[in-house]
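*Asks:* Chain order of the listed sequences is L and R. Heads up: the first sequence begins at 1 in my numbering, then just goes up one per residue. Heads up: the second sequence begins at 1 in my numbering, then just goes up one per residue. No residue lacks a Cβ here, since even glycine has one placed at the ideal position from N, Cα and C. Questions regarding the structure given below will be posed in turn.
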Amino acid sequence: MSERTLRVVVADDSVLLRDGIVRLLNDSGFEVVAAVGDADALLDAVTEHEPDLCVVDVRMPPTHTDEGLRAAIEIRRRTPTVAVLVLSQYVEERYAAELLEGDVAGVGYLLKDRVIDVDDFLSSLRRVAGGGSAVDAEVVSQILGRSKRGSELDRLTPREREVLNLMAEGLSNAGIAERLVVSHGAVEKHISNVFMKLGLDIEDGGHRRVLAVLTYLRAE
Amino acid sequence: MTSGSSTSSDATRGHTGGVSELPPPNSPPAPPPPGASRAGSSDASSGSSPGLFDGWDWDRVRAVAEQWYRPLLDVDAWKALGYLALGALTGPVFFALMMGAGAVVFGLVFVAVGLLLIGPFFGLVAVFARAERAMARWVGFDIPPRPVGAAGRLGWRTITDPERWRQVGFLAVNTLLAPVLFGFGSFAHSLVVQVVFGDGQAGGFLTVPISTLLALALAAVALGAAPRLALFFAQLKARITAWFLGPDELAIARQRVSTLSSQREDILDAVAAERRRIERNLHDGVQQQLVAIGLDLGMAEQQIERDPERARELLGLAREKVQGSIGELRQLGRGLHPAILEDRGLDAALSAVVSGASIPIAVHVDPDLDLSTDVAETVYFVANEAVANVLKHAAARTASVNVSRNAANVRVVVHDDGEGGVDATKGTGIAGIRARVHAVDGSLTISSPTGGPTTLVAELPRQHGDRDV
Chain L
1 MSERTLRVVV ADDSVLLRDG IVRLLNDSGF EVVAAVGDAD ALLDAVTEHE PDLCVVDVRM
61 PPTHTDEGLR AAIEIRRRTP TVAVLVLSQY VEERYAAELL EGDVAGVGYL LKDRVIDVDD
121 FLSSLRRVAG GGSAVDAEVV SQILGRSKRG SELDRLTPRE REVLNLMAEG LSNAGIAERL
181 VVSHGAVEKH ISNVFMKLGL DIEDGGHRRV LAVLTYLRAE
Chain R
1 MTSGSSTSSD ATRGHTGGVS ELPPPNSPPA PPPPGASRAG SSDASSGSSP GLFDGWDWDR
61 VRAVAEQWYR PLLDVDAWKA LGYLALGALT GPVFFALMMG AGAVVFGLVF VAVGLLLIGP
121 FFGLVAVFAR AERAMARWVG FDIPPRPVGA AGRLGWRTIT DPERWRQVGF LAVNTLLAPV
181 LFGFGSFAHS LVVQVVFGDG QAGGFLTVPI STLLALALAA VALGAAPRLA LFFAQLKARI
241 TAWFLGPDEL AIARQRVSTL SSQREDILDA VAAERRRIER NLHDGVQQQL VAIGLDLGMA
301 EQQIERDPER ARELLGLARE KVQGSIGELR QLGRGLHPAI LEDRGLDAAL SAVVSGASIP
361 IAVHVDPDLD LSTDVAETVY FVANEAVANV LKHAAARTAS VNVSRNAANV RVVVHDDGEG
421 GVDATKGTGI AGIRARVHAV DGSLTISSPT GGPTTLVAEL PRQHGDRDV
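Structural data, given as structure tokens:
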């Protein structure tokens, strides 16, 4: 995945955090082509540098509400080749839903404090830049908690639920195996059980699976 | 009996001896000289025919008589009579003048000049009304003026102001009312005068002793009743005057209610703005710092094997950020509730506010302020916010905070030599200060010409709590 140096634009109005992320990315083999503090500068930087990935804070000046999210959606609309990872102070399903509404390939939505778990954060970044997706575990559990599919979900074993969560977060089979410290074959078996019990019809792994799972969970 | 009773009554009623032993200084035209009336009364009640009253309890009679005649020595009763008498004169005079002036104005309206006289006409009415209010002060009625609308450029607006017409109405009513009330109030006085001094009538009575006795007895009773009647009718008149010309208590209360509810809106807005500010400070300040610290630590953890030097560097960065966060949290807490204010008082609390400032800020607090708790908190809040504003926006080299007291108020002055140009209508800082100041019935003024200096003055009542409306 990392043969090529990924070019990144970082947008965050908190100088401390922006500097921290830039330092982390530079130290970890990314190339930060621009670091900006507001949505307009972000859009300009994306047009100018055409990066592989943007890391975007939701709240930015002037109103400190959802400028970053709007900009992220705009970037996806204008240049679908640019992957976007949105960082949020708190999880809001509405934001996630807006962002993940269309194609979830190359889209991520994470709680800001996930950056502290440096390795996970970097692998989420690489996954999103590579056309995968990253949905915060918090968002997934909110969606699960509100899902009307409670009775169907009850039929899953605890392990299968864990696997479902990780699929919804956007992890690949290999990623799930690594996270749960189980074999690749065991993951595949769990996944096929989940699909069978929920009656989902999904051909392959990857982001389409995420979408299918999220759609299923959110359905009435 | 009378002179003795006068001194004893003085003592018991708490009057100044000088006033009540002499005849009333500004005695009105009608009343009989006190000496004469005393003679008459003693004749009537005790002296005239002792044989008839043998066996009476004279001490008791004296006590009753004393009580009955005591008001004659009350200077207020004579003032009341004077008030009624003068009012009986001014009532018709003011009315006549008003009608005359009104007729002239009305007549001249047809040649347009009259239009210019409408304002002066109502001005004249207001002068008469003020005179009537001033007279009521003699009988202890301090009638504040009833607010009237602005007169407008040419005074035309007066003609549509119901309050102006209320004054006209009063003068019209008063022209009849004042003489009538004077008649009632002085009825007993005139009766006494007629009996004692009316030669023709008295001469007639003398031929028929029983009638004379009756008349004298009646006069004796009337003499005691006279001051009471005068007081009663004078108060009645003052009350009526106050009803017409005094402020409307309901209107005052309504005004106060609407002021209070708009202040309450301001306070709620300020509270909401304050909450937003705190939330933002927490989210965008402390939380971001914690995430950044976590990021440094995460990277240090990652690098500790490969590059210990880099890891050490990252740990140092994290430590610096922790210090920054602690400072920010302290600042935030200070804005929420000043614990130091309770523990150490206003001087210490304000000194703490300026201690961390980047420029020298002098603090002077009057040691003897005697403030109620909510006012002390407001003083602290105002100074704290104002200083924060100075540090954030003013680009000042020095500043000062001065808290002083005068009779009923405490005055907070925050001055800086910065670039000025503070727009009091913008920014939540000033709005917050204003709302807090209004919440304790204080006032706020800001002088900030472009180029500076800026002076903020908040004046608050020192004791704030339940107050009369």
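Return the chain-ordered list of same chain residues with a C-beta closer than 6 Å to the C-beta of Q194 of chain R, the five sequence neighbours on each side being excluded.
*Replies:* Closer than 6 Å at the Cβ level, and outside the excluded window around Q194 of chain R, lies no residue.
*Asks:* Cβ of S14 of chain L less than 8 Å from any chain C Cβ?
*Replies:* Of the protein chains in this structure, namely L and R, none is chain C.
*Asks:* Buried or exposed for K112 of chain L, please, with buried defined as at least 16 other CB atoms from any protein chain shown within 10 angstroms of its CB.
*Replies:* The residue is buried, with at least 16 neighbouring Cβ atoms inside 10 Å.
*Asks:* Kindly confirm or deny that the region 184 to 204 of chain L and the region 155 to 170 of chain L touch, where touching means at least three C-beta pairs closer than 8 Å.
*Replies:* Yes, the region 184 to 204 of chain L is in contact with the region 155 to 170 of chain L.
*Asks:* Would you report the Cα separation of P367 of chain R and S358 of chain R, rounded to the nearest angstrom?
*Replies:* Between P367 of chain R and S358 of chain R, the C-alpha separation is close to 26 Å.
*Asks:* Enumerate, from N- to C-terminal direction, the unbroken alpha helix (DSSP H) stretches of 4 or more residues contained entirely within the region 361 to 392 of chain R.
*Replies:* 373 to 389, all fully within the region 361 to 392 of chain R.
*Asks:* Out of R:P227, R:A352 and R:A85, which one is the CA nearest neighbour of A388 of chain R?
*Replies:* Looking at the Cα atoms, R:A352 is the closest of the given residues.
*Asks:* Mapping the DSSP letters down to three states, classify N193 of chain L as helix, strand or coil.
*Replies:* Residue state, collapsed to three classes: helix.
*Asks:* Assuming M60 of chain L and D44 of chain L make a contact with CB atoms under 8 Å, what is their CB distance in whole Å?
*Replies:* Contact doesn't hold; Cβ gap of about 14 Å is too wide.
*Asks:* Could you list the residues in the region 55 to 74 of chain L with a C-beta less than 8 Å from some C-beta on chain R, going in chain order?
*Replies:* Against chain R - using a Cβ distance shorter than 8 Å - the residues of the region 55 to 74 of chain L are R59 and H64.
*Asks:* So which residues of chain R does L42 of chain L contact, with C-beta pairs closer than 9 Å?
*Replies:* Within 9 Å Cβ-Cβ: nothing; L42 of chain L doesn't reach chain R, min ~17 Å.
*Asks:* Checking 8 Å against the spacing of the C-beta atoms, do L295 of chain R and I176 of chain L come in under that value?
*Replies:* No, the pair does not count as a contact, with Cβ atoms beyond the cut-off.
*Asks:* Which of the three DSSP states, helix, strand or coil, is assigned to V9 of chain L?
*Replies:* V9 of chain L: strand per DSSP, three-state reduction.
*Asks:* Does DSSP put V15 of chain L in a helix, in a strand, or in coil?
*Replies:* Correct three-state label for V15 of chain L: helix.
*Asks:* In this structure, how does DSSP classify D57 of chain L when only helix, strand and coil are distinguished?
*Replies:* Three-state result, D57 of chain L: strand.
*Asks:* Given this structure, state the Cα-to-Cα distance separating W68 of chain R from A458 of chain R, to the nearest angstrom.
*Replies:* Roughly 57 Å separates the two Cα atoms.
*Asks:* Put T79 of chain L into one of helix, strand or coil per three-state DSSP.
*Replies:* Three-state DSSP puts T79 of chain L in coil, outside helix and strand.
*Asks:* Measuring straight from C-alpha to C-alpha, what distance separates R280 of chain R and R330 of chain R?
*Replies:* Distance between the alpha carbons of R280 of chain R and R330 of chain R: 15 Å.
*Asks:* Buried or exposed: which applies to Y269 of chain L, given that a residue is buried once 16 or more other Cβ atoms fall within 10 Å of its Cβ?
*Replies:* Outside the displayed range of chain L (1 to 220) lies residue 269 of chain L, so it cannot be described from this structure.
*Asks:* Using DSSP with H/G/I as helix, E/B as strand and the rest coil, what is R330 of chain R?
*Replies:* R330 of chain R: helix per DSSP, three-state reduction.
*Asks:* Should T63 of chain L be counted as a contact of the ligand NAP given a C-beta to heavy atom distance under 7 Å?
*Replies:* With respect to the ligand NAP, the structure offers nothing, as it holds no ligand at all.
*Asks:* When you compare the CB positions of G68 of chain L and A137 of chain L, do they come within less than 8 Å of one another, or not?
*Replies:* Not closer than 8 Å, so no.
*Asks:* Looking at chain L, is there any beta carbon in it that lies within less than 8 Å of the beta carbon of G298 of chain R?
*Replies:* For G298 of chain R, the answer is yes, since a Cβ of chain L falls inside 8 Å of its Cβ.
*Asks:* Would you say R319 of chain R lies against chain L (beta-carbon separation less than 8 Å)?
*Replies:* Not closer than 8 Å to any Cβ of chain L, the Cβ of R319 of chain R fails to qualify, so no.
*Asks:* Between which two residues does the beta strand (DSSP E) containing A399 of chain R stretch?
*Replies:* Start and end: A399 to R405.
*Asks:* Output the distance between the C-alpha atoms of G131 of chain L and L171 of chain L, rounded to the nearest integer angstrom.
*Replies:* Computed Cα separation, rounded: 12 Å.
*Asks:* Going by other Cβ atoms of all chains shown within 10 Å of its Cβ, with 16 needed for buried, is V401 of chain R buried or exposed?
*Replies:* Label assigned to V401 of chain R: buried.
*Asks:* With respect to the alpha helix (DSSP H) encompassing H49 of chain L, which residues constitute its N-terminal and C-terminal limits?
*Replies:* From DSSP, the alpha helix (DSSP H) with H49 of chain L extends over A39 to H49.
*Asks:* Whole angstroms is fine: what's the gap from S124 of chain L's alpha carbon to A311 of chain R's?
*Replies:* One C-alpha to the other measures close to 23 Å.
*Asks:* Could you round the C-beta distance between G114 of chain R and F106 of chain R to whole angstroms and report it? I think they count as a contact, below 8 Å.
*Replies:* Right, the Cβ-Cβ distance comes to about 7 Å (below 8 Å), so this counts as a contact.
*Asks:* Here's the rule: buried if 16 or more other CB atoms are within 10 angstroms of the residue's CB, otherwise exposed. What is G224 of chain R?
*Replies:* Counting Cβ neighbours within 10 Å, G224 of chain R comes out buried, since at least 16 surround it.
*Asks:* Do you know how far the Cα of K321 of chain R is from the Cα of E328 of chain R?
*Replies:* For E328 of chain R and K321 of chain R, the distance between alpha carbons rounds to 10 Å.
*Asks:* Near G155 of chain R, which residues of its chain fall below 6 Å by C-beta distance, leaving aside the five closest residues on each side in sequence?
*Replies:* Closer than 6 Å at the Cβ level, and outside the excluded window around G155 of chain R, lie I118 and G119.
*Asks:* Cα-Cα, which of L:L16, L:D40 and L:V9 is closest to L290 of chain R?
*Replies:* The candidate whose alpha carbon is nearest that of L290 of chain R is L:L16.
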